[in-house]
DNA sequence: TCGATAGAATTACGTTGTAAATTTATGACG
DNA sequence: CGTCATAAATTTACAACGTAATTCTATCGA
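Residue numbers (our numbering), protein chains in the order written: chain R, 40 to 243; chain D, 40 to 243.
Here it is, written out as structure tokens:
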């Protein structure tokens, strides 16, 4: 019998390939990177990646999922870190979100890239995206358990998510001019949310 | 002497080409559309578009600029329309923004597509994008002139912009699950902004 | 009528994603 | 210990792409 790839071998190669792809994406832009470049960076032939991924779209989905996973990890670490009080922990989670986005703009753009047509075809991506956002909801549920927040944790979590995501995307789209930037807008939006203390969906 | 294209001829052909390209983009996705398809839809040869646009990127920039222009027009119409009171006019402008985005999701995605590397190369696009956002600031300056708002119009305009853009982008990225949607989040964020009445950049 | 020439069409080429065919290397078995 | 079936990798091949270079066509001043 010939050599057989263990599931571990497969996973390891996929990791290496995604690492290489991610670097190339960040360096040259997602569209400019070819399968041939990725294969060459790994020292394998052009067709070898096809043994590990269905096609180029599957590679893109895998890289996006990995970016979401790293993002989720940053949030989870912030949530797990010691904090003097719950408010400080809230701020730490928000700061971790923003820091990840601004320090890894190419990864963040990729995560929320709106072109992948049917994300349902890539369950790994969907799971990673859910995991990332779940931390924010979980933190609000912590606050609720401590009696510091009463309301719809999912809804309010999404409000804060949108309050971070909107400014970040405007900045990454190149549409903010000094002195405006994502941080300044996020400060205003989160201050407004905290002050208004919205807890339930408001009727339009 | 041979036939000579007047500037009007050129402009007319560009319009026709952008119309065709936009339809194809919305139908098949931006990436799947080829120059050959666009040319064929116009009944011209493959290379004819190159007489009117430098390359494919220039076509994309032109289509994006046109989308921003239509968006700006929708906002300007809402601002110019009669309204019972200033608050109603504010709501009408916001509603026009959201309606455009949700009724033309492909156009909206294109406008804020984060891939075009150096938008500075396309001054028409930059101008259209500025025009779109200027309406919101202008409306706040109207309010200020009437004594109904005192604060940094540019900053607060951007706060509302981000409060609309964030939820819309989350929805268009396919990351909102029922019962959550862009409208519900926008209602919460704009309610918070109105209630908190932020007027100046808040210090982090 | 005719020829110079702007604009359109045709041809051509390098590159892409990937299907199909071929080669290579492994490990159980006579 | 060689041999062979076969998984994995490579090589080859091809249609389609963006676009440069070339050729054709139709117009208008002479």
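For each residue, glycine too, the CB sits at the ideal point set by N, CA and C. Note that the structure is a prediction, hence the values are computed from the model and not measured.
- Out of D:210, D:123, D:102, D:52, the CA that lies nearest to the CA of residue 153 of chain R is found in D:210.
- Going by DSSP, residue 169 of chain R is part of the alpha helix (DSSP H) stretching over 162 to 184.
- With its beta carbon at least 8 angstroms from every one in chain D, residue 72 of chain R lies outside the interface.
- Interface residue (Cβ-Cβ distance to chain D less than 8 angstroms): residue 129 of chain R is not classified as such.
- Per DSSP, reduced to three states, the secondary structure at residue 240 of chain R is coil, with no helix or strand assignment.
- Assigned with DSSP and collapsed to three states, residue 154 of chain R falls in coil, not helix or strand.
- Not flagged as an interface residue toward chain R: residue 135 of chain D, since no C-beta distance is shorter than 8 angstroms.
- Chain R has a Cβ within less than 8 angstroms of the Cβ of residue 237 of chain D.
- Secondary structure at residue 132 of chain D: helix, using DSSP grouped into helix, strand and coil.
- In this structure, DSSP gives residue 94 of chain R a state outside helix and strand, which the three-state scheme calls coil.
- When CB distances to chain D are screened at a threshold of 7 angstroms, not a single residue of the region 89 to 101 of chain R falls below it.
- By the Cβ-count criterion, residue 187 of chain R is exposed, with fewer than 16 other Cβ atoms from all chains shown falling within 10 Å of its own Cβ.
- The region 166 to 179 of chain R makes contact with the region 196 to 208 of chain R: 3 or more CB pairs, one atom from each, lie closer than 8 angstroms.
- For residue 234 of chain D, the enclosing alpha helix (DSSP H) has its first and last residue at 221 to 235.
- Rounded to whole angstroms, residue 121 of chain D and residue 113 of chain D show a C-alpha spacing of 14 angstroms.
- Around the C-beta of residue 166 of chain R, fewer than 16 other C-beta atoms lie within 10 Å, and the residue is accordingly described as exposed.
- The shortest C-alpha to C-alpha distance from residue 48 of chain D to any of D:204, D:91, D:142, D:194 is the one to D:91.
- Listed in chain order, the positions of the region 170 to 191 of chain D with a beta carbon within less than 8 angstroms of a beta carbon of chain R are 172.
- Nearest to residue 69 of chain D by C-alpha distance, out of D:96, D:218, D:117, is D:96.
- Relative to residue 63 of chain R, the option among R:89, R:78, R:235 whose CA is nearest is R:78.
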